[in-house]
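Q:
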Amino acid sequence: MKQYLFGIAWFCDEAISNGVVSLERIDGLFDNDTAKAGQEKYGIYIEQPCFYENTRVIITMPSQHHLSALRQLLHLGYSEITIIYEHAGVYEERQYDFSPYHYGKEADCLIVLYLQHRSYSGISAIEYMLRNQHITLPSGFQVITMGGKQNETEYYYYAAMADYFITERDGLQVYGKLIQLWHGFPLKALGHMMKRFHSEGNSTTNLWQRYDYIASYGQIYTNFMCACYGTPSSQYWTTGMPRNDLLFVTDGKQNLQKIMPDSAGRKIVLYMPTFREMEHKNDLHLQVDGDADGYLFYWEDFHLKRLEEFCRRNHLYFIFKLHPSDASKVKTWWTSSDCIGILTDEMLADQCLYEYLNAADVLITDYSSVYFDYLLLDRPIIFTDKDINCYAEQRGLILEPLAFWRPGAVVHTIDRLENEIVNAVSGKDFYQEKRRTLLPLIHRYQDGDSTKRLFKAIVKDAKSVGEEETCDVPV
Numbered sequence: 001m002k003q004y005l006f007g008i009a010w011f012c013d014e015a016i017s018n019g020v021v022s023l024e025r026i027d028g029l030f031d032n033d034t035a036k037a038g039q040e041k042y043g044i045y046i047e048q049p050c051f052y053e054n055t056r057v058i059i060t061m062p063s064q065h066h067l068s069a070l071r072q073l074l075h076l077g078y079s080e081i082t083i084i085y086e087h088a089g090v091y092e093e094r095q096y097d098f099s100p101y102h103y104g105k106e107a108d109c110l111i112v113l114y115l116q117h118r119s120y121s122g123i124s125a126i127e128y129m130l131r132n133q134h135i136t137l138p139s140g141f142q143v144i145t146m147g148g149k150q151n152e153t154e155y156y157y158y159a160a161m162a163d164y165f166i167t168e169r170d171g172l173q174v175y176g177k178l179i180q181l182w183h184g185f186p187l188k189a190l191g192h193m194m195k196r197f198h199s200e201g202n203s204t205t206n207l208w209q210r211y212d213y214i215a216s217y218g219q220i221y222t223n224f225m226c227a228c229y230g231t232p233s234s235q236y237w238t239t240g241m242p243r244n245d246l247l248f249v250t251d252g253k254q255n256l257q258k259i260m261p262d263s264a265g266r267k268i269v270l271y272m273p274t275f276r277e278m279e280h281k282n283d284l285h286l287q288v289d290g291d292a293d294g295y296l297f298y299w300e301d302f303h304l305k306r307l308e309e310f311c312r313r314n315h316l317y318f319i320f321k322l323h324p325s326d327a328s329k330v331k332t333w334w335t336s337s338d339c340i341g342i343l344t345d346e347m348l349a350d351q352c353l354y355e356y357l358n359a360a361d362v363l364i365t366d367y368s369s370v371y372f373d374y375l376l377l378d379r380p381i382i383f384t385d386k387d388i389n390c391y392a393e394q395r396g397l398i399l400e401p402l403a404f405w406r407p408g409a410v411v412h413t414i415d416r417l418e419n420e421i422v423n424a425v426s427g428k429d430f431y432q433e434k435r436r437t438l439l440p441l442i443h444r445y446q447d448g449d450s451t452k453r454l455f456k457a458i459v460k461d462a463k464s465v466g467e468e469e470t471c472d473v474p475v
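All residue numbers in the sequence shown are consecutive under our numbering, ending with 475.
In structure tokens, the structure reads:
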């Protein structure tokens, strides 16, 4: 197999001088600089990149040009590609075989969904909407999903080939345009707004400014996220959040009955507190977001048997949905219960939590932003916040007055909790007007068409920019 170097400049010189590239094994040189074409270096003529059979290409460029160079070579038809890396003056080569990875070459625009965690995932929702034909794309647009546990070769392939890369995580390096969906509305402080945020050495702002577009609920969400992450408002597309489309097209109660048969025919009470973040320092686990366990026992005089008796008496099914790291704390509570369940990510399997959320007749939460999405269902919400002062002191909240932004009763005792649940399931909805006042402030759109709007924006953007098959790589 012949070998060609791609990128003939200082980095290539350094790779050769450091011994990671041997000129004795090199048959040709590629460079995008037309002025170099036909010139000779290392005793070999420089050519414009083109395709040769049975040839491996070695990318000899700095890391910021790897994906654009890789994209160009893949479009030319190469699959055997080596990339030279440098870190702290140490050079190394990694060989890749991209032949197992491909997509329809007839596609004018490739959109990659980067699915890392399904539980609260807008990516999972987009998959659902496409799979069930709730949305269709124009010809020439192709969507593939890449899992969060892919190998390095697969990631590099799609990171280079995608024209649009949709994610809910940060820190990704891709060639195409990067779209951030994020997974919540900021009631609790994020980024710059966190009490413990330190600007020195913090990359938060740089990470978020890398996104080409960020999906938004509406103007208030955009304002808050700009404050949290230092982003300009021009980055935001007000489309609504795709995960909320599932509230309009799924049968949550039917889905729930498949994994919790005892829930059939009962009113569903869903308890979803937010995650309490731990900080690890010198082998010590320091609680930095409220009380470590307090939110599991928010209500004074709480007893499991009392909760069970209450649920049986009122024909209720009570579900805990906790962060995966906290689920084990209440696992034993429901193993023998006919009216208490715990919904784990393992039980969700290949489904998203939002395929179950509309099963809930009542939602109980503290600072989880899930209640902003639940507003779309116009159903009762109950709040509980025993560690509110601790949480606000350690992390911070960015909405005030809280009484306005939380349209529901705030309870601290089991007696009050039971009373509010009974009111909610019996139709005594005292907070409906407050919810309906808040709804348009959070959601510009109150339908199930967020995914449609997102793809409409992508199609419009792709057509306005146009697709360039040749990707020039500065060297």
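By construction, the Cβ of each residue, glycine as well, lies at the ideal position given by its N, Cα and C atoms.
Check whether the segment 132-150 touches the segment 180-200, counting contact only when three or more Cβ pairs, one atom from each stretch, lie closer than 8 Å.
A: Taking a cut-off of 8 Å on C-beta distances, the segment 132-150 does not touch the segment 180-200, as fewer than three cross pairs fall below it.
Q: Does the segment 367-387 come within contact of the segment 400-412, defined as at least 3 CB pairs closer than 8 Å?
A: yes
Q: So what's residue 128 in DSSP terms, helix, strand or just coil?
A: Residue numbering aside, residue 128 sits at position 128 when the sequence shown is read from its first letter. If DSSP states are grouped into helix, strand and coil, residue 128 belongs with the helices.
Q: Whose CA, out of 310, 309 and 269, lies closest to the CA of residue 341?
A: Stepping through the sequence shown from its first residue, residue 341 is reached at position 341. Residue 341 has its Cα closest to that of 269, out of 310, 309 and 269.
Q: May I ask you to check if the CB of residue 307 is nearer than 7 Å to at least one heavy atom of the ligand ATP?
A: The ligand content of the structure shown is nil, which means the ligand ATP is not present either.
Q: Helix, strand or coil for residue 194 per DSSP?
A: For the purposes of this step, residue 194 is identified with residue 194 of the sequence shown, where counting begins at 1. Secondary structure at residue 194: coil, using DSSP grouped into helix, strand and coil.
Q: Give me the Cα-Cα distance between residue 287 and residue 323, rounded to the nearest whole angstrom.
A: Stepping through the sequence shown from its first residue, residue 287 is reached at position 287. Stepping through the sequence shown from its first residue, residue 323 is reached at position 323. Its pLDDT being 42, under 50, residue 287 is placed unreliably in this model, and the coordinates cannot settle the point.
Q: Does the beta-carbon of residue 480 have 16 or more other beta-carbons within 10 angstroms, so that it is buried, or is it exposed?
A: Because the chain here runs from 1 to 475, residue 480 falls outside it and cannot be looked at.
Q: Taking all protein chains shown into account, do 16 or more other C-beta atoms lie within 10 angstroms of the C-beta of residue 1, making it buried, or fewer, making it exposed?
A: Taking the sequence shown and counting its residues from 1, one reaches residue 1 at position 1. Exposed, since its Cβ has fewer than 16 Cβ neighbours within 10 Å.
Q: Are the beta-carbon atoms of residue 255 and residue 349 separated by less than 8 Å?
A: Against the sequence shown, residue 255 aligns to sequence position 255. Against the sequence shown, residue 349 aligns to sequence position 349. Going by C-beta atoms, residue 255 is not nearer than 8 Å to residue 349.
Q: What are the boundary residues of the beta strand (DSSP E) that residue 319 is part of?
A: What you label residue 319 is simply residue 319 of the sequence shown in a count that begins at 1. Looking at the DSSP string, the run of the beta strand (DSSP E) that includes residue 319 is 316-320.
Q: What does residue 43 pair with, by DSSP beta-bridge criteria?
A: To locate residue 43, count along the sequence shown from 1; it is residue 43. Answer is none; residue 43 lacks a bridge partner.
Q: Among residues of its own chain, excluding the 5 on either side of residue 397, which ones have a beta-carbon nearer than 8 Å to its beta-carbon?
A: Counted from its first residue, the sequence shown places residue 397 at position 397. Contacts found: 187, 188, 189, 367 and 391.
Q: In three-state DSSP terms, what is residue 342?
A: One-based indexing of the sequence shown puts residue 342 at position 342. Strand.
Q: Under three-state DSSP, which class holds residue 20?
A: As a working note, residue 20 is residue 20 in the sequence shown. Residue 20 falls in the coil class under three-state DSSP.
Q: Taking DSSP's pairing of strands, which residues face residue 216 in a bridge?
A: Taking the first residue of the sequence shown as position 1, residue 216 is located at position 216. According to DSSP, residue 216 bridges with 238.
Q: Compare the Cα-Cα distances from residue 216 to each of 311, 233, 97 and 209 and report the closest residue.
A: Your numbering for residue 216 matches position 216 in the sequence shown. The shortest C-alpha separation from residue 216 is found at 233.
Q: Name the residue from 379, 14 and 315 whose alpha carbon lies nearest to the alpha carbon of residue 62.
A: In the sequence shown, residue 62 corresponds to position 62, counting from 1. Minimum Cα distance to residue 62 is reached at 14.
Q: Just how far apart, CA to CA, sit residue 7 and residue 56?
A: The residue you call residue 7 lines up with position 7 of the sequence shown. The residue you call residue 56 lines up with position 56 of the sequence shown. Going by the C-alpha atoms only, they are around 14 Å apart.
Q: Can you check which of these residues, 66, 71 and 163, is closest to residue 113 by C-alpha distance?
A: By 1-based counting over the sequence shown, the position of residue 113 is 113. The candidate whose alpha carbon is nearest that of residue 113 is 163.
Q: In whole angstroms, what separates the C-alpha of residue 58 from that of residue 211?
A: Along the sequence shown, read from residue 1 onward, the residue named residue 58 stands at position 58. Along the sequence shown, read from residue 1 onward, the residue named residue 211 stands at position 211. Distance between the alpha carbons of residue 58 and residue 211 is about 29 Å.
Q: Rounded to the nearest angstrom, what separates residue 462 and residue 16 at their Cα positions?
A: The count along the sequence shown starts at 1 and reaches residue 462 at position 462. The count along the sequence shown starts at 1 and reaches residue 16 at position 16. Rounded to the nearest angstrom, the two C-alpha atoms are 40 Å apart.
Q: Exposed or buried, which one is residue 100 when buried takes at least 16 other CB atoms within 10 Å?
A: Along the sequence shown, read from residue 1 onward, the residue named residue 100 stands at position 100. Residue 100 is exposed by the Cβ-count criterion.
Q: Report yes or no: do the segment 432-451 and the segment 239-257 share at least 3 C-beta pairs separated by less than 8 Å?
A: At 8 Å Cβ cutoff, the stretches touch.
Q: Go ahead and label residue 443 buried or exposed: buried means 16 or more other beta carbons lie within 10 angstroms of its beta carbon, across all protein chains shown.
A: The residue labelled residue 443 in the question sits at position 443 within the sequence shown. Buried is the label assigned to residue 443, since at least 16 other Cβ atoms lie within 10 Å of its Cβ.
Q: Which residue comes first and which comes last in the beta strand (DSSP E) that contains residue 147?
A: To locate residue 147, count along the sequence shown from 1; it is residue 147. Note, residue 147: beta strand (DSSP E), 141-147.
Q: Name the DSSP beta bridge partners of residue 95, please?
A: One-based indexing of the sequence shown puts residue 95 at position 95. The partner list for residue 95 (beta bridge, DSSP) reads 82.
Q: Taking only the alpha-carbon atoms, compute the straight-line gap between residue 271 and residue 179 and give it to the nearest angstrom.
A: By 1-based counting over the sequence shown, the position of residue 271 is 271. By 1-based counting over the sequence shown, the position of residue 179 is 179. C-alpha separation (whole angstroms): 31 Å.
Q: Report, in whole angstroms, the separation of the C-beta atoms of residue 421 and residue 362, which I expect to be a contact under 8 Å.
A: Within the sequence shown, the letter at position 421 stands for residue 421. Within the sequence shown, the letter at position 362 stands for residue 362. Rounded, the Cβ-Cβ distance is 6 Å, consistent with contact.
Q: Please identify the residue among 266, 223, 393 and 302 whose C-alpha is closest to the C-alpha of residue 338.
A: Reading the sequence shown from its first residue, position 338 is the one you call residue 338. Considering only alpha carbons, the answer is 266.
Q: According to DSSP, is residue 56 part of a helix, a strand, or is it coil?
A: What you label residue 56 is simply residue 56 of the sequence shown in a count that begins at 1. The answer is strand: DSSP assigns residue 56 an E or B state.
Q: Since residue 434 is in the alpha helix (DSSP H), which residue starts that stretch and which ends it?
A: Working through the sequence shown from its first residue, we reach residue 434 at position 434. From DSSP, the alpha helix (DSSP H) with residue 434 extends over 432-442.
Q: Taking all protein chains shown into account, decide if residue 32 is buried (16 or more other Cβ within 10 angstroms of its Cβ) or exposed.
A: Residue numbering aside, residue 32 sits at position 32 when the sequence shown is read from its first letter. Buried is the call here.
Q: Going by C-alpha to C-alpha distance, which of 301, 376 and 311 sits closest to residue 412?
A: The count along the sequence shown starts at 1 and reaches residue 412 at position 412. Residue 412 has its Cα closest to that of 301, out of 301, 376 and 311.
Q: When DSSP builds the beta bridges, which residues end up paired with residue 353?
A: The residue you call residue 353 lines up with position 353 of the sequence shown. Beta-bridge pairing links residue 353 to no other residue.
Q: Below 8 Å on the Cβ atoms is my guess for residue 27 versus residue 4; work out the distance and round it to an integer in Å.
A: Residue mapping note: residue 27 aligns to position 27 of the sequence shown, counting from 1. Residue mapping note: residue 4 aligns to position 4 of the sequence shown, counting from 1. Confirmed, about 6 Å.
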